[in-house]
Amino acid sequence: MKFIHSLSEILHSIEKILAIILCIFMLISLSLGVFYRYFLSSPLNWSDETAIFSLAWLTFIGGSMSIKRQNSAAVTLFMDKMNGKTKKVLIGISLLSVLLFALYIFYLSVMWLSSSNIMIQRSNSMQLPMIIPYLSVPVSFFFISIHTLDLILKNFQGKKEAL
52 MKFIHSLSEI
62 LHSIEKILAI
72 ILCIFMLISL
82 SLGVFYRYFL
92 SSPLNWSDET
102 AIFSLAWLTF
112 IGGSMSIKRQ
122 NSAAVTLFMD
132 KMNGKTKKVL
142 IGISLLSVLL
152 FALYIFYLSV
162 MWLSSSNIMI
172 QRSNSMQLPM
182 IIPYLSVPVS
192 FFFISIHTLD
202 LILKNFQGKK
212 EAL
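In this text, residue positions in the sequence shown follow my numbering: the first is 52, and each later residue adds one.
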């Protein structure tokens, strides 16, 4: 259990660093794109692509971070009225369903990325292998799985209420 918690904390630290780097990438890319297009009349064809790929990674990493921080959107109308063991069981069921969903999407994305045509695809402007932006899905859902497993363990230990 300590291993899962430590792994979740390490992954969260990595996610924070990645989020900062991706935001900086997006800011620089879009700023350069605007500057070159409107002030130098010579648009950069790679700046939009860089920003889009950074945004895709940032979206999935941000989703994982929201699970870790328990800041994801939730309807708590019924949960607020529950207490004790019933609430703990319902939270456990909801976390288990999130874990199963994350593992299923992780499995599907790994199967999708292991197909032969993915490895030969390249982006239009930068000729970047498309596996790089596509990897955002399995990586983030793996992170989500670890964070959710940590929350499940915390919920059943009774240390901290999850969700």
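Even glycine gets a Cβ: it sits at the ideal position worked out from N, Cα and C.
The DSSP-derived three-state label of residue 94 is coil. By alpha-carbon distance to residue 208, the top candidate from 89, 180, 186, 142 is 142. About 13 Å separates the beta carbons of residue 114 and residue 197, which is beyond the 8 Å limit, so they are not a contact pair.
DSSP places residue 162 in the uninterrupted alpha helix (DSSP H) bounded by 135 to 164. For residue 69, the enclosing alpha helix (DSSP H) has its first and last residue at 53 to 89. Residue 63 and residue 193 have their C-alpha atoms roughly 12 Å apart. Residue 105 and residue 83 have their C-alpha atoms spaced approximately 15 Å apart. Residue 149 and residue 66 have their C-alpha atoms spaced approximately 19 Å apart.
Take residue 108, set aside five residues on each side of it, and the residues of its chain with a beta-carbon closer than 6 Å to its own are 73, 187, in chain order.
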